[in-house]
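K.L.:
Sequential numbering of the sequence shown, starting at 142, is according to my numbering.
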Amino acid sequence: MKVLGIETATVVCGAALVKDGIVVRNEQIAEKNIHAESIMLLIDRVLKHANMTVQSIDALAVSIGPGSFTGLRIGLSVAKGLCYATGKPLVAVPTLRALAQRAVGEGAVSTSYILPAIDARRDEVYCQLFRVNGGEALAEWDERDFAVGRLLEQLDGKSCTITGDGAQKIQRHAGEANLRFLSGPASECSAATVAKLGEQMALRGEFVDSVTVEPKYVKEFYTKLSN
Numbered sequence: 142m143k144v145l146g147i148e149t150a151t152v153v154c155g156a157a158l159v160k161d162g163i164v165v166r167n168e169q170i171a172e173k174n175i176h177a178e179s180i181m182l183l184i185d186r187v188l189k190h191a192n193m194t195v196q197s198i199d200a201l202a203v204s205i206g207p208g209s210f211t212g213l214r215i216g217l218s219v220a221k222g223l224c225y226a227t228g229k230p231l232v233a234v235p236t237l238r239a240l241a242q243r244a245v246g247e248g249a250v251s252t253s254y255i256l257p258a259i260d261a262r263r264d265e266v267y268c269q270l271f272r273v274n275g276g277e278a279l280a281e282w283d284e285r286d287f288a289v290g291r292l293l294e295q296l297d298g299k300s301c302t303i304t305g306d307g308a309q310k311i312q313r314h315a316g317e318a319n320l321r322f323l324s325g326p327a328s329e330c331s332a333a334t335v336a337k338l339g340e341q342m343a344l345r346g347e348f349v350d351s352v353t354v355e356p357k358y359v360k361e362f363y364t365k366l367s368n
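1. For serine 135 versus threonine 304, is the C-beta spacing smaller than 7 Å?
2. Whole alpha helix (DSSP H) runs in the region 156-203 with 4 or more residues, listed along the chain?
3. In angstroms, rounded to a whole number, what distance separates the CA positions of glycine 290 and serine 179?
4. In the DSSP assignment, the alpha helix (DSSP H) including arginine 238 goes from what residue to what residue?
5. May I have the straight-line CA-CA distance separating asparagine 167 from arginine 238, to the nearest angstrom?
6. Using the Cα positions of aspartate 185 and alanine 191, report the straight-line distance between them to the nearest angstrom.
7. Measuring only the C-alpha atoms, how far is arginine 243 from lysine 337?
8. Whose C-beta lies closer than 8 Å to the C-beta of isoleucine 147 among residues of the same chain, with five residues either side of it excluded?
9. Report back the beta-carbon spacing between leucine 296 and alanine 318 to the nearest angstrom; my notes put them in contact at under 8 Å.
Rendered as structure tokens:
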């Protein structure tokens, strides 16, 4: 199966192609406020490298959130447009699950638990606790929006690796907590991981309606209008 993955939930903007579990090509840029102008260029690069078109793939996978409200809308809009134009099915990959699975899959986690955390502004993070089982990250919590102090109380001394762009915010408050903080590429969102998880979900038939699906904001989305 050939799956095109799209990642725009955080500062990372990326596209990747996976075929039968193998990453054929992964293109990404880690820079703020370039997602709208860059994502289609990255998709084109990935497909040209594989000598393919969107019509050649079997499914699309998009990082569905939580994350940046604007980034999520950009990625999902592109995915919806491609699905509409080609009739290809869509898989919505949870962003926190993809973050956790990347770190675990790359062997970067030595603790019993992993908690991917994405900056949610103020003193809050979007996060989800996973138990590490071999090479898999198994969800213990649903996605949630936590104040950092409350999150540390909930972790209650667990041996846990913190990953994602919210890790530094947690580290500033961690004190003597039994936590490890991951940095480097393994701690970042990746379209390749989105595509890999998307392929697994597609093989199980876990598709979404590409017309009605919405980003998973977790925190209520609102816009501020000004005159």
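Backbone N, C-alpha and C fix where the C-beta goes; we use that ideal spot for every residue, glycine too. Everything numeric in this text was worked out from a predicted model, so none of it was measured.
P.N.:
Quick answer:
1. The shown model of the chain, from 142 to 368, leaves out residue 135, and the question about it has no answer.
2. 176-190
3. The count along the sequence shown starts at 1 and reaches residue 290 at position 149. The count along the sequence shown starts at 1 and reaches residue 179 at position 38. Roughly 36 Å between the two C-alpha positions.
4. Reading the sequence shown from its first residue, position 97 is the one you call residue 238. Where arginine 238 is concerned, the enclosing alpha helix (DSSP H) stretches over 236-246.
5. For the purposes of this step, residue 167 is taken as the residue at position 26 of the sequence shown. For the purposes of this step, residue 238 is taken as the residue at position 97 of the sequence shown. Straight through space, the alpha carbons of arginine 238 and asparagine 167 are spaced by roughly 19 Å.
6. Counted from its first residue, the sequence shown places residue 185 at position 44. Counted from its first residue, the sequence shown places residue 191 at position 50. Going by the C-alpha atoms only, they are around 10 Å apart.
7. Working through the sequence shown from its first residue, we reach residue 243 at position 102. Working through the sequence shown from its first residue, we reach residue 337 at position 196. The alpha-carbon atoms of arginine 243 and lysine 337 are separated by roughly 10 Å.
8. To locate residue 147, count along the sequence shown from 1; it is residue 6. Closer than 8 Å at the Cβ level, and outside the excluded window around isoleucine 147, lie Gly155, Ala156, Ile180, Ile184, Leu201, Ala202, Val203, Ser204, Gly216, Val219, Ala220, Ala332 and Val335.
9. Here residue 296 corresponds to residue number 155 of the sequence shown, with the count starting at 1. Here residue 318 corresponds to residue number 177 of the sequence shown, with the count starting at 1. At roughly 7 Å, the Cβ-Cβ gap stays under 8 Å, so leucine 296 and alanine 318 are in contact.
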